[in-house]
Structures are given as C-alpha cells and as structure tokens.
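*Asks:*
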Amino acid sequence: MKGVTTPLSTAAIMPSPVLLWRFKVLLFLIWGVSCCKISWDSVMRMSANLRDLFLYEAFLYYNPLLLMTMMVWFWGINLWVFAQANVNYAKIFDLDQNHLSHREIWKCATWMTMIVPTSMTAYLYLYSHGEVSLAASQPVLLYAVFAMALIFPFDIFYLSSRYFFLRTVWRIVFPFQAISFADFFLADIFTSMSKVFSDLERSVCRMVHRQVATIAWFEADSVCGSHAVAIPIVLVLPYLFRLFQCLRQYKDTREKTTLLNALKYSTAVPVIFLSALKYHVFPDNWVNIYRPLWLLSGVVNSLYSFYWDLTRDWDLSCFTRIFKFSRPNALSYLLYGRKWVYFWVIGTNLILRCTWTYKLSSHLRHNYLTVFAITALEIFRRFQWAFFRVENEWNKMNSKQNIQLSTIDKPNDEQKLLDPNGYSV
4 MKGVTTPLST AAIMPSPVLL WRFKVLLFLI WGVSCCKISW DSVMRMSANL
54 RDLFLYEAFL YYNPLLLMTM MVWFWGINLW VFAQANVNYA KIFDLDQNHL
104 SHREIWKCAT WMTMIVPTSM TAYLYLYSHG EVSLAASQPV LLYAVFAMAL
154 IFPFDIFYLS SRYFFLRTVW RIVFPFQAIS FADFFLADIF TSMSKVFSDL
204 ERSVCRMVHR QVATIAWFEA DSVCGSHAVA IPIVLVLPYL FRLFQCLRQY
254 KDTREKTTLL NALKYSTAVP VIFLSALKYH VFPDNWVNIY RPLWLLSGVV
304 NSLYSFYWDL TRDWDLSCFT RIFKFSRPNA LSYLLYGRKW VYFWVIGTNL
354 ILRCTWTYKL SSHLRHNYLT VFAITALEIF RRFQWAFFRV ENEWNKMNSK
404 QNIQLSTIDK PNDEQKLLDP NGYSV
C-alpha cells in the first residue's frame, strides 16, 4: 500500500498542465507590459530633438531580429497546417527523422520573442539614464548570442537542424551542385528578407567601427551611413543567389522555364541600383532620367513576379486543398473551399508585390516605421506563399509516384507475349 500511494501523492502535488499554461501566459503578459512601460519611460526621458534619431538607430539594431522572430512564428504555423493537412513536408524538404516539429519551432520563437525585446528595453533604459557604454553592449551581446547559438558545434539546441540550415545556406551562396527544393525555397524566403540582411550589415558595420549608441551614423558621409554603397549590394545579393540557382537548374535540366525564372529575379537588380543612384547623381539627372527608369523597372518587377506566383509557383486548380485537415477544425471550416480565400491571396499578393518595390528602393528609407511595416507585410506575403508552393510540390510528387506505379503495374506488349497465362482462346 505504501508503494501504491506514493505516485498518487506525487501526482496530486503536481499542478495540471492547464494551470501551468495559464501561469506561463500570465508571466508572459507581465513581462510584456513591463518592457513596454520601461521602454516608454526611457524614451520620454530623452530630449525631443534627439528622440527620433535615437529610435531610428534602435530600430536599426533590433528590427532585423524582430522580423526574424516573426518569420520563425509564421514558419511554425506553416508546419502545423502541413501536419494537419497530411502534407509530408519532411519528404518534400528531404529532412531527417530528427527534424523540428511546429511545437519546437514555436518554442524557439518564444525564446526569441522574449530575448530580443528584453535586450531592446535594456538598451533604451541604459542609454536614457546616461550609461552609454553599457547600452552599446546590449545589441553586441545579443548578436553574439544569436551567432553562437547558430554555429555552436556541440550536440545541444537542435544540432542536426542547425547543421541542415547552415548547409542549405552554403548551397545557396555557392550553387555548385544540383538544386534541391529546400535550396530554392529558402533562397526565395531570403529575397523577402533582403531588407533584414541590409540592416544586419549596417548594424555589424557600426559594431565593428564602435559607433553603437551614437547618432553620427545618420550623416550621409559616415562609414555606415544611409548612403553607403554596401546597402544596394546587400539588397541585391539574395536575388543574385536565386538567379544563379536558376542558371544551375537550366544547366542540369535544359528547361527553358528556368531561364524565364532567372529573368524574373534579374528584374529586381535595376530597381535596387537605380534607386541607389539618387545619392550619386545630379538632382536634374535623377528627376529626368533615372527616376522614370526606376518607376518602370519597379512596375516590371512587380507584375512579372505576380504573374510567376500565379502561373508557376502555385497550382490554382487545387488552391485551397491544403486547408482540408484530417480532423475537424474551425480553421479548416473557415478556409477550405472558400472563394474569399482565393480572392484574398491573389489580391494581397498583387498589392504586396507592388509595395515591396518601396522597400527595395534605398532612397525611400527615411520613415523607419513605414519601412518596418512594409517588410513585415512582405514576410506575411511569403508566409501565405509558402502554403501553396509546398502544396503544389506535394501534388507534383504524388502525381509522379502515381505515374510510376501505373507504368510498373501495366505490362508492355513483350511481356504479354511471353506470359503464357495471357493467351485467350
């Protein structure tokens, strides 16, 4: 009896999972309100003439990581929908048995959601209270922690998944091998995060030159200033990587559609560099020559990309099949087979394709809140795009398997002649 009652007493002491979840949510809300209150009070302590410049710099350091956190949350939602719709995403991306599920992705996103705003709050608080050197160390420590967590060589913190991610990034930068689905899928996501990479480059540049927690960077002629040549170069790199992937695919398959896809990514290059010319040409030349060319290239890039999404990346014949969940779910009832989903995705994709041109143009980067919002909307567009792109690939894989099975099961004429049971009298 003593051995039997011990587990029961232990179970009675342990709180229920629902109570633990509510307690965690309460702690999360308290933390969020505290960060907002401390950040607001810290900003209000600054002088009005320096407040906007300082917030501009704070966003430069922290908005890339905030947008990355947003992307991780969205990717977890993607994986959850794939699992509910019986889409074998592990087979599509050629993942091993230790791949991360949506729960583990959300766990990583939760930690990122807590760490990044906490560091930003400490940065604002320390700077507003005169601790400039300590404030300058906050983004540096944060970037170092994220870099170490990504490249840590020991078997902790999802080593196999981190290795798969880094290997895929290496294959994107150096496309010397056959391009897999995971390679160009991640490269497409990188094109939507070109602004994130541009701000990361500027942040690291300021850290290397020890200019953190200053406002000298706002000057046009500073090393890491808003007119730096590195900005358009970093913006264009994801598109060049994707273009080289398409050329590699053409070399392997000789399909002409890969060349048309490469042409699509090449249309982003004039948008980026024509915009950057504003800071390096005379104002009259910009207004009369380069600005009309920039507008034309922006229209071509937006419409070409929109056309390619609808006709190549997505299969409109089974547009909402991915939301047909294996078990009854309110989200599946809301989205599956609904016409408004069809119009919503096509309409928002067209609008956000056009607004993304604003983001690629470095001469339209003065309102940091507007640029942050447009970048977040582009990440949301890519989140929608991922559903139908993966579904289209899954349907192609199933159709190929069905064709292979049908050809194996169907005997040819020679087999019919050799088979004695095949004769009929």
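So for the sequence shown, our numbering puts the first residue at 4; every next one is plus one.
Where is the CB? At the ideal position from N, CA and C, for every residue including glycine.
(1) Does the beta-carbon distance from Met151 to Met74 come in below 9 Å?
(2) Over what stretch of residues does the alpha helix (DSSP H) that includes Ala181 continue unbroken?
(3) Excluding the 5 residues preceding and the 5 following Cys249 in the sequence, name in chain order all residues of the same chain whose CB lies nearer than 6 Å to its CB.
(4) Can you tell which of Cys39, Phe160, Ala271 and Asn89 has the C-alpha that lies nearest to the C-alpha of Phe390?
(5) So Gly301 is in the alpha helix (DSSP H); what residue range does that whole segment cover?
(6) Looking only at its own chain, which residues have a Cβ that is under 6 Å from the Cβ of Pro273, when we skip the five neighbours before and after it?
(7) In three-state DSSP terms, what is Glu258?
(8) So, are the CB atoms of Leu145 and Leu68 less than 9 Å apart?
(9) If you follow the alpha helix (DSSP H) that Arg25 is part of, which residue opens it and which one closes it?
(10) Secondary structure at Glu134, three-state DSSP: helix, strand or coil?
(11) Just reading off the alpha helix (DSSP H) that Asn52 is part of, what are its end residues?
(12) Out of curiosity, what's the CA-to-CA distance linking Ile41 and Val211?
(13) With a CB to CB cut of under 8 Å and the five nearest residues on each side skipped, what residues in its chain are close to Ser206?
(14) Could you give the distance in angstroms between the alpha-carbon of Leu153 and the alpha-carbon of Leu129?
(15) Excluding five sequence neighbours on each side, which residues of the same chain lie with their C-beta closer than 6 Å to the C-beta of Arg392?
(16) Should the stretch 322–341 be called in touch with the stretch 286–300, which here means at least 3 C-beta pairs below 8 Å?
(17) Alpha carbon to alpha carbon, what distance is there between Leu103 and Tyr161?
(18) Reducing DSSP to helix, strand and coil, say where Gln430 ends up.
(19) Exposed or buried, what is Arg170 when buried is set at 16 or more other beta-carbons lying within 10 Å of its beta-carbon?
(20) Measuring alpha carbon to alpha carbon, tell me which of Thr121, Ile80 and Trp78 ends up nearest Ile33.
(21) Here's the rule: buried if 16 or more other CB atoms are within 10 angstroms of the residue's CB, otherwise exposed. What is Phe179?
(22) Buried or exposed: which applies to Ser136, given that a residue is buried once 16 or more other Cβ atoms fall within 10 Å of its Cβ?
(23) Under 8 Å by Cβ, that's how I've got Ile382 and Phe77 pegged, so tell me the actual separation to the nearest angstrom.
(24) By the DSSP assignment, the alpha helix (DSSP H) with Tyr336 in it spans what residues?
(25) Which residues in the same chain as Tyr253 place their Cβ atom closer than 6 Å to its Cβ, once the five residues preceding and following it in sequence are excluded?
(26) On the three-pair Cβ rule with 8 Å, is the stretch 181–199 touching the stretch 81–99?
(27) Can you grab the Cα-Cα spacing for the pair Val232 / Lys198, in whole Å?
(28) Can the beta-carbon of Asn91 be found closer than 9 Å to that of Trp397?
(29) Leaving out the 5 sequence neighbours to the left and right, which residues in its chain are closer than 6 Å to Tyr268 when beta-carbon positions are compared?
(30) What is the rounded straight-line gap between the Cα of Val226 and the Cα of Trp359?
(31) Could you tell me whether the Cβ atoms of Ser37 and His132 are closer together than 9 Å?
(32) Leaving aside the five residues before and after Ser308 along the sequence, list all residues of the same chain whose C-beta is less than 7 Å from its C-beta, in chain order.
(33) What span of residues does the alpha helix (DSSP H) with Met196 cover, start to end?
(34) Does the beta-carbon of Gly79 have 16 or more other beta-carbons within 10 angstroms, so that it is buried, or is it exposed?
(35) Is the beta carbon of Ala216 closer than 9 Å to that of Met123?
*Replies:* So, to answer that:
(1) No, they are not a contact pair.
(2) Premise fails: Ala181 is in no alpha helix (DSSP H) and is neither H nor E.
(3) Thr261, Asn264 and Ala265, listed in sequence order.
(4) Across the set Cys39, Phe160, Ala271 and Asn89, the C-alpha of Asn89 shows the shortest separation from the C-alpha of Phe390.
(5) It spans Arg294 to Trp311 - the alpha helix (DSSP H) in which Gly301 sits, taken as one unbroken run.
(6) So the qualifying residues of the chain are Ser300.
(7) The answer is coil: DSSP assigns Glu258 none of H, G, I, E or B.
(8) In contact: Leu145 and Leu68 (Cβ atoms closer than 9 Å).
(9) Bounds of the alpha helix (DSSP H) holding Arg25 are Pro20 to Met47.
(10) Residue state, collapsed to three classes: coil.
(11) For Asn52, the enclosing alpha helix (DSSP H) starts and ends at Ala51 to Gln87.
(12) About 29 Å.
(13) Within the same chain, Ser206 has close Cβ partners Leu63, Tyr64, Pro67, Pro142 and Tyr146.
(14) In this structure, the CA atom of Leu153 is about 28 Å from the CA atom of Leu129.
(15) Cβ within range, chain order: Asp316.
(16) No: the two stretches stay apart, fewer than three of their Cβ pairs being nearer than 8 Å.
(17) So the two alpha carbons sit approximately 8 Å from each other.
(18) This structure cannot speak to residue 430, because the chain is shown only from 4 to 428.
(19) By the 10 Å Cβ count, Arg170 comes out exposed.
(20) The residue with the shortest Cα to Cα distance from Ile33 is Thr121.
(21) By the neighbour-count rule (16 or more Cβ atoms within 10 Å), Phe179 is not buried but exposed.
(22) Exposed.
(23) Sure, about 7 Å apart at Cβ, within 8 Å.
(24) Residue range Ala333 to Leu338 is occupied by the alpha helix (DSSP H) that includes Tyr336.
(25) Counting only Cβ-Cβ distances below 6 Å, and skipping sequence neighbours, we find Thr261 and Leu262.
(26) In this structure the stretch 181–199 touches the stretch 81–99; the number of beta carbon pairs closer than 8 Å is three or more.
(27) Computed Cα separation, rounded: 14 Å.
(28) Yes, they are a contact pair.
(29) So the list reads Tyr242, Arg245 and Leu246, once near-sequence residues are dropped.
(30) Counting only the Cα atoms, Trp359 lies some 27 Å from Val226.
(31) No; because the gap between Cβ atoms is not below 9 Å, this pair is not in contact.
(32) The residues are Lys267 and Arg356.
(33) Segment: none, Met196 is in no alpha helix (DSSP H) and carries neither H nor E.
(34) Burial call: buried.
(35) The Cβ atoms of Met123 and Ala216 do not sit closer than 9 Å to each other.
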